[in-house]
Ligand code: IMP
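Numbering (my numbering), first residue to last: 1348 to 1776.
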C-alpha cells in the first residue's frame, strides 16, 4: 500500500467513506481528519449496537491505530466528549488512540444559535445546514477571533476572550435576529470540563505527522462531506464551510502535499444530496423514491431524507479534476439492483451550450438540463458479491462505463454494508 492515502467523498457527501476508511485502516498506523466538524456522521456497529460517530474517525476501533483531529477540524467539546464517552463505555481505549490538534477551532453554543437564526432568516434560500454551528465557527476562525483548543489550557484568558466574542455575537443575536442572548456561565462550565478531559490529548499535529512519515508509518487522511460541498469549489453558497477537496488535506492537517501518494474518491453508483442547492440529475418521482428507500437515504447526523438522482458524470469529472483522483471506490451498487433501466448523465445542456464540467455559476447550474445515456439494468441481486466475475454482465458494463467517462479507474466496488461485501480490483496492503 502507498504510504499515504486520502479518502474523500467525490459527490455531495454520504458516499459511504466510513466503510472504505475502515477497510483500509487495517493496514495503517494513523487516520487523520482535516476538515469539517460534527456535521459529518458515520454509523458503526459495536457488539450489535449501532452508534453514530461525528468527529472521531472509525479507525478508533482498531488497536494500533492513532486517530487524529487536525487543526482544520472544528471541534465542539461537548459533542466530542459525548462521543468519547459512548466509546469508552464500550471498552474502547479512546484516551490511548485519540489525539487532537491544539490549534483546532472550537464550536461553541453561540455558533449553533447563529447557524439556526441565519437559516431561519434565509427562508426558501436556506442552505439546509446541519444546524451544528459549523459555518459560524469557521467564520470566527477566518475573522481571527475564534477560541481554539489551546485556549482551554488557560481558563482565565479563555473567559476574557469569551467575553469579547459574546459581546459581539450577542449583539447580532439580540439586535439583528431578535433572538435570546447566549449565557456566559454554561460555556465556561463546558470549557472547564473540556480542559479536564481533553488537555492530555492535545498535540502538535504537523510535527507528529512528519515524524510518523519519516518512520515509514502509513497514514490515511479521511475527508468529511464531499468535494461538491467544498467552500471554494462546490455549489456556492449551497456548500459547507471548509475545503472538502484534496487540497484541504495539506492545510487542514499540516502534512506537506508532496507526500500525498494516492487519492481515492468514494462515489455512490448514483447521486444524493442533503439540503438545498442545484442537483441536475435529481429524480423527484418514483425512481428517486425507490432509490431513497432501498438505499436508506436518510442523513446520519440530522435524519433528513436525502434527495436522490442518477449518476452525474459531469459533476464527477469536476471532482476528479479538483482532487487529482487516483481511484474511484464505488459504493451502494446493490441499491440499483431492481431497476430496469439505469441512466448516466454525461453532459449538461444550458443556454444553447453543452457542458462537460459544471458551470462555476451556481445559478446557471440550476438551469442545466442533464443529457443522459441509458443502460439496461441487471435486475438481479449484487448484494454481497466479492469478485468482478460474479457481477452480472450489465453491472460490469455500467461500472466500466462510469470509469471510462470520468477517466478514473475503479479500485473497489462495495456491494453491501459489511466490509467483506466488497470487490477489490487493486491491492491495498
Ligand atoms: P453545514 O456543514 O452544517 O454548514 O451544512 C452546509 C451544507 O452541507 C448543507 O447542505 C448540509 O446538508 C451539507 N452537509 C454538511 N455535512 C454533511 C454530510 O456529512 N453529508 C452530506 N451533506 C452534509
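Ideal Cβ positions, reconstructed from N, Cα and C, are used throughout, including at glycine.
Since residue i contacts residue j with CB under 8 Å, what's their CB separation in whole angstroms?
i: residue 1501; j: residue 1593; result: Not really, about 35 Å apart at Cβ, beyond 8 Å.
i: residue 1690; j: residue 1721; result: 5 Å
i: residue 1353; j: residue 1757; result: Not confirmed; about 17 Å, so no contact.
i: residue 1451; j: residue 1474; result: Actually they are not in contact, since the Cβ atoms of residue 1451 and residue 1474 sit about 23 Å apart, beyond 8 Å.
i: residue 1460; j: residue 1526; result: 6 Å
i: residue 1389; j: residue 1647; result: 6 Å
i: residue 1415; j: residue 1552; result: 6 Å
i: residue 1755; j: residue 1612; result: 7 Å
i: residue 1560; j: residue 1350; result: 7 Å
Using the three-state DSSP reduction, which class does residue i fall into: helix, strand or coil?
i: residue 1766; result: coil
i: residue 1405; result: helix
i: residue 1614; result: strand
i: residue 1543; result: helix
i: residue 1467; result: helix
i: residue 1695; result: strand
i: residue 1529; result: coil
i: residue 1456; result: helix
i: residue 1553; result: helix
i: residue 1565; result: coil
i: residue 1758; result: strand
i: residue 1597; result: helix
i: residue 1495; result: strand
i: residue 1516; result: helix
i: residue 1489; result: helix
i: residue 1559; result: helix
i: residue 1379; result: strand
i: residue 1367; result: helix
i: residue 1395; result: coil
i: residue 1748; result: helix
Can we say the stretch 1363–1382 touches the stretch 1408–1420, given the rule of at least three CB pairs closer than 8 Å?
Touching, per the Cβ criterion.
Answer yes if the stretch 1631–1639 comes into contact with the stretch 1487–1505, meaning at least three C-beta pairs across the two stretches below 8 Å, and no otherwise.
No, the stretch 1487–1505 is not in contact with the stretch 1631–1639.
Using a Cβ distance threshold of 8 Å, determine whether the stretch 1670–1687 contacts the stretch 1699–1711, with at least three qualifying pairs required.
No: fewer than three Cβ pairs fall under 8 Å.
Does the pairing of the stretch 1377–1391 with the stretch 1564–1580 give three or more beta-carbon distances under 8 Å?
Enough Cβ pairs lie closer than 8 Å, so yes.
I'd like to know if the stretch 1449–1457 and the stretch 1524–1538 are in contact, where contact means that at least 3 CB-CB pairs between them fall below 8 Å.
With a cut-off of 8 Å, the stretch 1524–1538 and the stretch 1449–1457 count as touching, because enough Cβ pairs lie within range.
Runs of alpha helix (DSSP H) lying entirely within the stretch 1600–1687, each at least 4 residues, in chain order
Qualifying alpha helix (DSSP H) stretches, in chain order: 1633–1641, 1660–1670.
Which runs of the alpha helix (DSSP H) at least 4 residues long sit entirely within the stretch 1408–1440? Give them in chain order.
The qualifying runs are 1424–1436.
Residue ranges of each alpha helix (DSSP H) within the stretch 1692–1739, 4 or longer:
The qualifying runs are 1709–1714.
Three or more C-beta pairs below 8 Å linking the stretch 1496–1510 and the stretch 1435–1442
In short, these stretches do not touch, since the Cβ pair count stays below three.
Taking 8 Å as the cut-off, does the stretch 1612–1632 touch the stretch 1640–1660 (at least 3 CB pairs, one atom from each stretch)?
By the C-beta criterion, the stretch 1640–1660 is judged to be in contact with the stretch 1612–1632, since at least 3 inter-stretch pairs fall below 8 Å.
Would the stretch 1354–1366 count as touching the stretch 1575–1591 if we require 3 or more Cβ pairs under 8 Å?
Segments in contact, yes.
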